[in-house]
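In my numbering, the protein residues as written are 485 to 654.
Printed below as a string of structure tokens:
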């Protein structure tokens, strides 16, 4: 079976989630990734990362990446969706630093520049969170934002690949 140009292009993209499923709104990345994985027609590669920024350098090196993360930003409403060019724009704080030796996303980007381990493209879909306590539940504003963030990612993939982002059609 041959793949269409849009299928071939979509395999150049990967969706990576950052976050921890048991830290409230920090789990929005993995939750959204599961929604993408559950789509029967979705062929995009999905990678879950719980906050290991050194592994992230390998996961995204030389790829086109759409990264989903929760952010802490007291100047924005909980549930607000930010859409950023991760290689060109300043990043808000990330909630995905999970250990005393962990790096945040900005530090991972800086290290990636030094080590020549950056993605070819980096689109960040950041959802502003408010509750990062021990919990498997997303706050209501973050849960409501998930569908919009999912659509934003899918629309971006369509625009970049010239066709449906998730397809099994020849």
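Beta carbons are placed, not taken as given, at the ideal position from N, Cα and C, and that holds for glycine.
Given a cut-off of 8 Å, decide if residue 607 and residue 550 are closer than it, judged by their beta-carbon atoms.
In the chain shown, the residue the question calls residue 550 occupies position 66. In the chain shown, the residue the question calls residue 607 occupies position 123. Contact flag set, yes.
DSSP state of residue 600, grouped into three classes?
Position 116 of the chain shown, counted from the start, is the residue given in the question as residue 600. If DSSP states are grouped into helix, strand and coil, residue 600 belongs with coil.
Quick one: is residue 624 near chain D, going by C-beta distance under 8 Å?
Absence of chain D from the displayed structure is noted, only one protein chain being present.
On a CA-only basis, which of 561, 621, 499 is nearest residue 547? Give me that one, please.
On the chain shown, residue 547 is found 63 positions in, with the first residue counted as 1. Answer by Cα proximity: 499.
Which of helix, strand or coil does DSSP assign to residue 628?
By one-based count along the chain shown, residue 628 stands at place 144. Correct three-state label for residue 628: helix.
Considering residue 538, what are the terminal residues of the alpha helix (DSSP H) in which it resides?
Against the chain shown, residue 538 aligns to sequence position 54. Where residue 538 is concerned, the enclosing alpha helix (DSSP H) stretches over 537–544.
Residue 534 by DSSP, collapsed to three states: which one?
Here residue 534 refers to the residue found at position 50 when the chain shown is read from its first residue. In this structure, residue 534 counts as coil in the three-state DSSP scheme.
Where in the stretch 500–532 do unbroken runs of the beta strand (DSSP E), each at least 3 residues long, occur, reported from the N-terminal end onward?
List check, beta strand (DSSP E) in window: nothing returned.
Would residue 552 pass as a contact of residue 626 if the rule is Cβ separation under 8 Å?
Taking the chain shown and counting its residues from 1, the one referred to as residue 552 is at position 68. Taking the chain shown and counting its residues from 1, the one referred to as residue 626 is at position 142. Going by C-beta atoms, residue 552 is not nearer than 8 Å to residue 626.
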